[in-house]
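**Q** Next up is a structure, given as structure tokens.
2 protein chains.
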Amino acid sequence: MDKVSIDGRKLGVNFNSVGKAEVLIWAPRAEKATIRIREDQDIELGKLDYGYWQLTTDEIHPGSRYRVILDDQEWPDIASLNQPDIHGPSFAFDLREFQWTDQQWQNIPLEDYIIYELHTGTFSPDGTFEGLSDKLDHLISLGITAIELMPVAQYPGNRNWGYDGVFPFAVQESYGGAAGLQKLVDTCHQKGLAVILDVVYNHIGPEGNYFEKYGPFFTDKYHTPWGNAINFDDAGCYGVRRFFTENALMWLRDFHIDALRMDAVHAIKDFSTKHILQEIKEYTEQLIKKNGRRHYLIVECDLNDPRFINPLSKAGFGMDAQWTDEFHHALRIASGGKKEGYYSDFNGIGDLAEAFNHGYVYYGRYSAQRDKLFGADPEENPGKQFVVFSQNHDQVGNRILGERSSRLFSFEVQKLMAATVLISPFLPMLFMGEEYCELNPFLYFVSHTDPELISAVRDGRRKEFAAFHSEGEAPDPQAEDTFNASKLNWTLLKQPPHKLMLNYYSALIALRKTKPALRTLDRQQCRATVDEESHVLI
Amino acid sequence: MDKVSIDGRKLGVNFNSVGKAEVLIWAPRAEKATIRIREDQDIELGKLDYGYWQLTTDEIHPGSRYRVILDDQEWPDIASLNQPDIHGPSFAFDLREFQWTDQQWQNIPLEDYIIYELHTGTFSPDGTFEGLSDKLDHLISLGITAIELMPVAQYPGNRNWGYDGVFPFAVQESYGGAAGLQKLVDTCHQKGLAVILDVVYNHIGPEGNYFEKYGPFFTDKYHTPWGNAINFDDAGCYGVRRFFTENALMWLRDFHIDALRMDAVHAIKDFSTKHILQEIKEYTEQLIKKNGRRHYLIVECDLNDPRFINPLSKAGFGMDAQWTDEFHHALRIASGGKKEGYYSDFNGIGDLAEAFNHGYVYYGRYSAQRDKLFGADPEENPGKQFVVFSQNHDQVGNRILGERSSRLFSFEVQKLMAATVLISPFLPMLFMGEEYCELNPFLYFVSHTDPELISAVRDGRRKEFAAFHSEGEAPDPQAEDTFNASKLNWTLLKQPPHKLMLNYYSALIALRKTKPALRTLDRQQCRATVDEESHVLI
């Protein structure tokens with residue numbers, strides 16, 4: 203069986219060393235596969251084993267517009283690198299055209315990551331990679347060492363957090379497309395910044411999802427919050443596994459991305475002998491060995507299961523680090539936040555001490571919200587395997603009014619929360635604007651085109667907030683105003699008290715960088731004890 | 203949270219050292235729980251945390267008839283030890299009343315197991331443990347070292363393979379009940395035979411299944427061939443996990459069972475940090491440590507995943523051995539069997555060599571039937587971790603006419619198949635009657651009482667055989683004749699050529715026991731090569 207190559211992407215349309223287009227499509231259900239370049243020009247693909255279709259041609263060039271025809275039905279190419287309209291034609295792109303200038307760059311050690319999560323569309327006034335580029339110096343002077351881009355895979359319209367992406371290989375056109383992302387990463391590396399990219403391998407967005415037209419990308423064996431799970435272990439899974447493995451490798455190899463942040467991997471259901479994360483890790487190790495560049499794999503995972511971050515040699519999934527939402531939840535409740543919705547399992551500063559000592563708050567204890575014994579103790583996993591934060595896109599944006607901590611906690615409590623994150627023996631992460639106490643919300647916004655879906659999203663949002671007894675109506679996710687209201691207000695930066703907060707964050711980060719005790723991330727040498735009465739964590 | 207104790211069963215009705223009945227019921231949805239001993243005598247249970255209900259009383263004695271009332275609805279006790287009518291009252295039983303005489307018994311080393319699988323209802327003329335007992339000397343003279351009982355948990359009616367059991371703690375009344383099984387095991391141990399018990403933890407039978415009345419025993423997160431999966435990792439799973447863990451421990455501790463054979467564990471869906479099999483293994487190890495008796499855990503698993511049989515220390519599930527159906531499939535096709543249904547992936551003697559060399563035939567190769575890369579190589583797992591056979595209850599009984607090899611292969615081919623199993627570096631297993639070339643079929647039979655279910659089972663059987671283009675109509679599973687036709691015909695034993703076959707099996711087993719080369723089970727020192735043309739395996 204044809205295998206993933208670490209040397210270059212093979213799925214979709216790619217260009218070989220002599221400039222010819224090489225096309226590879228996995229469509230095991232099709233009887234015939236054709237590429238339509240113009241209405242009067244169809245080129246039929248040759249059939250390979252295992253449902254693959256292949257073509258080498260001079261007729262497709264970088265920028266060429268094309269469609270895929272499977273048995274007389276026309277579809278966009280799900281492996282497209284450029285897909286401005288999710289329902290429209292695909293465009294070829296040459297990943298190797300960009301002239302990289304980051305030959306001197308070497309990814310920084312994971313323990314030195316100070317992460318800044320941002321959403322390209324709302325971070326800068328114009329919402330593009332170029333706009334983002336203009337703000338990098340601000341981040342550098344703040345002390346950030348790695349930016350984390352929320353997902354950039356092409357989604358419907360121009361407004362989305364990114365988790366409704368439907369073309370995992372195509373970079374969102376409105377952000378600047380693939381070339382724009384390559385340029386951004388190159389610039390970051392020139393400036394000494396690492397780049398983490400958020401990728402979504404647990405579901406495919408609801409609009410423009412043509413995956414089932416190609417093959418068995420989903421399975422009804424498992425249910426997830428987003429419907430049937432992606433098929434990582436059922437019949438035909440070899441093509442699905444390859445699709446996402448090639449995707450992961452593309453970002454690292456062809457976009458020089460330093461680390462992937464894989465979204466909600468607890469929703470990746472895979473009982474194969476080799477978990478898809480193990481497979482991605484193995485290929486990543488091969489790539490590192492070949493290219494001499496370091497890459498990290500970070501996962502969002504709510505299972506409190508050290509298996510994900512244990513090394514392959516210990517039958518773990520080999521992930522370098524994971525997000526720990528529980529640190530956030532404990533910190534928030536300890537700071538006086540309301541115990542509603544998913545906070546109901548958290549009880550104040552004692553839980554925060556648990557998170558400090560065990561990484562997880564639930565490491566085998568009974569969780570009332572889940573009604574089960576939950577988690578295991580990651581005893582042997584160092585602090586650098588846990589990413590912590592006092593807010594992130596989810597924790598802010600999943601509030602009905604999208605309020606940041608700046609709207610919920612006093613100035614002094616915000617400072618305390620920042621210090622808790624930045625002195626922790628874990629990898630600290632900030633959410634864009636946090637450093638200067640941004641006041642604008644970060645709301646949930648979409649720009650679907652399907653009216654039924656738009657209405658379903660609105661209803662879904664309302665339902666989701668039923669657990670949170672907050673007041674007020676959810677802003678309309680589909681409205682452009684909702685998106686615009688979520689943009690950062692950079693004019694605050696120079697105003698008190700925002701400037702004061704910025705200085706405080708800068709000072710804290712500088713302290714973390716210079717004090718050896720705050721840099722070792724050796725959890726064995728760090729022990730939190732708590733005095734519940736006086737509410738003090740030592 | 204109250205935990206499983208290795209010292210004794212706590213769920214259901216049990217008797218303490220002073221003869222009082224101690225009742226523990228898990229019914230987290232109930233507002234009230236009562237035991238009804240007589241129409242005029244209800245005793246209310248006290249509520250504990252986590253949905254448990256407790257009572258200590260003088261009013262229940264061994265043999266007492268009782269029902270459980272949750273809120274105002276009366277149900278049988280799903281943890282009942284005696285349940286002659288699956289819809290009727292439960293009866294108390296004292297597990298500690300039996301006078302064991304096997305104090306000198308020590309389980310034999312796993313590598314010395316020569317297993318004989320049997321179905322209690324059809325093995326002996328009267329279909330009971332006592333009838334079975336009368337035949338033990340035959341098995342001993344044959345050279346068998348361990349009998350394997352098909353499931354004995356109480357099922358609907360008096361005719362069933364056992365996989366429709368609905369009271370996992372109650373021993374089938376028509377076989378002789380709990381006391382009958384204890385006596386049988388004691389006798390086996392006196393005679394130097396180990397006893398393996400087949401237990402079903404992947405589903406609960408369709409009729410008399412009152413589990414959902416008690417708690418969240420099922421989850422719709424996963425689908426299995428038998429409907430929603432048993433809830434081992436969803437909300438409320440702690441009670442479910444405890445139920446099955448206590449069950450496993452009960453057989454080992456209170457029935458002196460030497461090894462469990464856990465049915466189809468691939469259908470146990472469990473993404474917990476600790477798999478339920480790991481948990482059962484840990485408790486079994488505690489029990490072994492305390493009692494000084496060895497116990498083995500054997501699984502039926504079709505995933506070709508060494509994780510199941512790797513030790514806990516290597517993040518495996520710690521199972522001592524597993525069935526390898528693929529050895530059987532390869533052997534059958536190599537012997538000239540038809541490539542239909544689940545045999546379609548097998549191609550003759552080359553596959554048999556793979557099974558000899560790798561335990562599995564598919565150890566990472568592409569399987570056309572599953573349409574995926576399948577399995578991993580169990581490189582570090584010794585031969586004693588694989589149970590092999592040329593027929594078993596499934597492979598015989600899942601044929602439309604239930605024909606044994608005796609009806610399908612020539613006498614000489616049967617001998618060749620027997621030799622292949624018995625000289626293999628794996629644990630050999632025979633299916634009852636095989637040793638003397640029994641001619642009666644082993645058919646699929648049930649004795650449900652629900653007319654809709656009976657009709658569904660009939661239809662299901664017909665559908666299942668659609669893949670097998672055999673001729674003829676499936677015998678009616680519900681008919682008593684079908685059951686009777688499946689009984690062994692012991693009169694054959696002394697007739698040629700049956701007697702000849704029996705002598706041949708005895709000689710082969712004796713050879714295995716006496717030749718060191720056939721006893722080591724060291725797969726490293728055994729290598730199969732194949733000459734496809736001459737059809738010879740060396």
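These protein sequence lines map, in sequence, to chains B and W.
Residue numbering for the first sequence follows our numbering, starting at 203 and increasing by one per position.
Residue numbering for the second sequence follows our numbering, starting at 203 and increasing by one per position.
No residue lacks a Cβ here, since even glycine has one placed at the ideal position from N, Cα and C.
1) Quick one: using the 10 Å Cβ neighbour count with 16 as the cut-off for buried, is W/Leu533 buried or exposed?
2) In this structure, does DSSP put W/Glu414 in helix, strand or coil?
3) According to DSSP, simplified to helix, strand and coil, what is B/Trp692?
4) Taking DSSP as the reference, what is the three-state secondary structure of W/Trp453?
5) Just curious, the beta strand (DSSP E) that B/Ile370 is in, first and last residue?
6) Which residue from B/Ile482, B/Phe576, B/Gln524, B/Thr347 puts its Cα closest to that of B/Ser708?
7) Run through chain B and tell me which residues come within less than 7 Å of W/Cys439, C-beta to C-beta.
8) Using Cβ-Cβ distances below 7 Å, what residues of the region 558-573 of chain B are close to chain W?
9) Quick one, which residues of the region 494-523 of chain W are near chain B if we go by CB-CB under 9 Å, in chain order?
10) Measuring alpha carbon to alpha carbon, tell me which residue in W/Gly367, W/Asp527, W/Asn218 is nearest W/Val648.
11) What does W/Gly577 reach in chain B if we use C-beta pairs closer than 9 Å?
12) Using the Cβ count rule (16 or more neighbours within 10 Å means buried), how would you classify W/Val659?
13) Nearest to W/Arg609 by alpha carbon, out of W/Gln374, W/Pro418, W/Glu636?
14) Cutting at 7 Å between CB atoms, please list the residues of its own chain near W/Asp296, excluding the five before and the five after it.
15) Under the rule that 16 or more other beta-carbon atoms within 10 Å means buried, what is W/Phe510, buried or exposed?
16) From W/Phe548 to B/Trp277, what does the alpha carbon distance come to, in whole angstroms?
17) For my contact list, W/Ser592 and W/His530 are in at a C-beta cut-off of 8 Å; report their separation, rounded to the angstrom.
18) Mind the definition here: the region 410-421 of chain B touches the region 319-335 of chain B only if three or more C-beta pairs lie below 8 Å; say whether that holds.
19) Among the residues of its own chain, which have a CB less than 6 Å from the CB of B/His468, if the five just before and after it don't count?
20) For the alpha helix (DSSP H) that contains B/Ser335, what are its first and last residues?
21) Evaluate contact between the region 471-479 of chain W and the region 230-248 of chain W, counting only Cβ atoms and requiring at least three cross-stretch pairs below 8 Å.
22) Is it the case that the Cβ atoms of B/Ile459 and B/Val397 are separated by a distance below 8 Å?
23) Can you tell me whether W/Thr347 is helix, strand or coil according to DSSP?
24) Consider the Cβ of W/Asp465: report whether some Cβ of chain B lies at a distance smaller than 8 Å.
25) Beta-carbon within less than 6 Å of B/Ile482's beta-carbon, same chain only, minus the 5 sequence neighbours each way: which residues are those?
26) Say whether chain B places a C-beta atom closer than 8 Å to the C-beta of W/His425.
27) Note the first and the last residue of the continuous alpha helix (DSSP H) segment covering W/Asn705.
28) Can you list the residues of chain W that B/Asp422 reaches, using a CB-CB cut of under 7 Å?
29) According to DSSP, simplified to helix, strand and coil, what is B/Pro679?
30) At the 8 Å Cβ level, is W/Met203 part of the contact set with chain B, yes or no?
31) Would you call the region 514-531 of chain W and the region 581-595 of chain W touching, i.e. three or more CB-CB distances under 8 Å?
32) Note the first and the last residue of the continuous beta strand (DSSP E) segment covering B/Asn430.
33) Quick one: give me the first and last residue of the beta strand (DSSP E) that W/Glu224 is part of.
34) Does the beta-carbon of B/Glu241 have 16 or more other beta-carbons within 10 angstroms, so that it is buried, or is it exposed?
35) To test your reading of the DSSP string, which unbroken alpha helix (DSSP H) runs of 4 or more residues are found completely within the region 489-555 of chain W?
36) Taking just the CA atoms, how far does W/Ala281 sit from W/Ala223?
**A** Walking through what the data contain:
1) buried
2) helix
3) helix
4) helix
5) First, the residue type needs correcting, since residue 370 of chain B is Pro and not Ile in the sequence shown. Element bounds for B/Pro370: 369-373.
6) B/Thr347
7) Lys574
8) Tyr568, Arg572, Asp573
9) Leu505, Asn506, Asp507, Pro508, Arg509, Asn512, Lys516, Ala517, Gly518
10) W/Gly367
11) Thr475
12) buried
13) W/Glu636
14) Phe217, Pro264
15) buried
16) 38 Å
17) 6 Å
18) no
19) Cys503, Asp504, Leu505
20) 331-336
21) no
22) yes
23) coil
24) no
25) Thr447, Ala450
26) yes
27) 700-716
28) His425
29) coil
30) yes
31) yes
32) 429-432
33) 223-228
34) exposed
35) 527-536
36) 14 Å
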